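Asks: In terms of our numbering, the sequence shown is residues 2 to 217. We treat Cβ as the ideally placed atom computed from N, Cα and C, and that holds for glycine. Computed from a prediction, not measured in an experiment: that's the story for all the values here. Below you will find the structure I want to go over with you.
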Amino acid sequence: MQNNQEIIDATVAYVKTTLEGAEGGHDWWHIYRVWQLSRQIAVHEKVDQLIVELGALLHDIADSKFHNGDENIGPEKARAFMTSLGLPEVVKIHVENIIRNISFKGGHNNGGFRSPELNVVQDADRMDAIGAIGIARAFNYGGFKNRAIYDPTIKPVLEMTREQYKNNTAPTINHFYEKLLLLRDRMNTATGKAMAEERHRFMEVFLEQFYKEAEL
Ligand code: ADP
Ligand code: NI
Numbered sequence: 002m003q004n005n006q007e008i009i010d011a012t013v014a015y016v017k018t019t020l021e022g023a024e025g026g027h028d029w030w031h032i033y034r035v036w037q038l039s040r041q042i043a044v045h046e047k048v049d050q051l052i053v054e055l056g057a058l059l060h061d062i063a064d065s066k067f068h069n070g071d072e073n074i075g076p077e078k079a080r081a082f083m084t085s086l087g088l089p090e091v092v093k094i095h096v097e098n099i100i101r102n103i104s105f106k107g108g109h110n111n112g113g114f115r116s117p118e119l120n121v122v123q124d125a126d127r128m129d130a131i132g133a134i135g136i137a138r139a140f141n142y143g144g145f146k147n148r149a150i151y152d153p154t155i156k157p158v159l160e161m162t163r164e165q166y167k168n169n170t171a172p173t174i175n176h177f178y179e180k181l182l183l184l185r186d187r188m189n190t191a192t193g194k195a196m197a198e199e200r201h202r203f204m205e206v207f208l209e210q211f212y213k214e215a216e217l
């Protein structure tokens, strides 16, 4: 019915419309970056290009964080859209699996689905959570949640972070220790690992400067 380019074009249009007004860290431009990074990584991997691109474009179509923790809305919305395009069941299942398993915590409670295509999109999504963009997204998210930027009386160590994280009160700087600084070593692909280096070092430099300015 359609060629791959038409499928991608239709998906881009659908995602842009659906994410209108989304929080800055999860808007169309996050999707755009993850899509482009996925394509770059995919060049070096043996993967199905259409699955990678659909997975990247649809991965945050309804993030559970913004839907009362409901993890089914995203995959269901994606499926309904793919059905409207007449895509085959194998494609729909694979893309749904990518959406369900891409998140930091994902992979444990969803039967541990893995595929080379998921590996690529997950690396791209993680890449956008680190480096300069990652720093901007973290503070934007913290602001959205009305969190403190930094509290010099709370030292960001991992255990304390976990404790506070449960109450959703940890200052945003703690997010670096609970997640952002861990992502470099969690990249799935060799391309992702290499790309993550520069962004990781940038965060280390940022934190060093941050404390120099904050500790007066
Ligand atoms: P994932 O789905 O891979 O776990 P998230 O959707 O949780 O990723 O995160 C999306 C963006 O929001 C990332 O840039 C992440 O750093 C940021 N973010 C998520 N949780 C927090 C938090 N507690 N504080 C600051 N930023 C956060
Ligand atoms: Ni994402």
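#1: Rounding to the nearest angstrom, what Cα-Cα distance links Lys93 and Thr84 in this structure?
#2: Keeping to the same chain, check which residues put their C-beta closer than 8 angstroms to that of Glu216; ignore five residues upstream and five downstream.
#3: Using C-beta distances below 7 angstroms, list every residue in its chain close to Ile9, excluding the 5 sequence neighbours before and after it, in chain order.
#4: Tell me the residue span of the alpha helix (DSSP H) that contains Val92.
#5: Are the segment 111 to 127 and the segment 182 to 201 touching, with three or more C-beta to C-beta distances below 8 angstroms?
#6: Please determine if the segment 180 to 187 and the segment 126 to 141 are in contact, where contact requires at least 3 C-beta pairs separated by less than 8 angstroms.
#7: Shortest alpha-carbon distance to Tyr15 belongs to which of Lys213, Ala139, Ala79?
#8: Put Met188 into one of helix, strand or coil per three-state DSSP.
#9: Taking the alpha helix (DSSP H) that His176 belongs to, which residues open and close that run?
#10: Which residue comes first and which comes last in the alpha helix (DSSP H) that contains Asp35?
Replies: Inspection of the coordinates gives the following:
#1: Sequence index remark: in the sequence shown, residue 93 carries index 92 (1-based). Sequence index remark: in the sequence shown, residue 84 carries index 83 (1-based). C-alpha separation (whole angstroms): 8 angstroms.
#2: On the sequence shown, residue 216 is found 215 positions in, with the first residue counted as 1. Excluding residues within five positions, the ones whose Cβ falls inside 8 angstroms are Pro153.
#3: In the sequence shown, counting from the first residue as 1, residue 9 sits at position 8. Taken in chain order, the residues that qualify are Glu54.
#4: Within the sequence shown, the letter at position 91 stands for residue 92. Taken as a continuous stretch (DSSP letters only), the alpha helix (DSSP H) holding Val92 covers 90 to 102.
#5: yes
#6: yes
#7: Mapped onto the sequence shown, residue 15 falls at position 14. Tyr15 has its Cα closest to that of Ala79, out of Lys213, Ala139, Ala79.
#8: Taking the first residue of the sequence shown as position 1, residue 188 is located at position 187. Met188 falls in the coil class under three-state DSSP.
#9: Translated into the one-based positions of the sequence shown, residue 176 becomes position 175. Element bounds for His176: 175 to 179.
#10: Position 34 of the sequence shown, counted from the start, is the residue given in the question as residue 35. The sequence given here places Val at residue 35; Asp does not occur at that position. Counted as a single uninterrupted DSSP element, the alpha helix (DSSP H) harbouring Val35 occupies residues 29 to 43.
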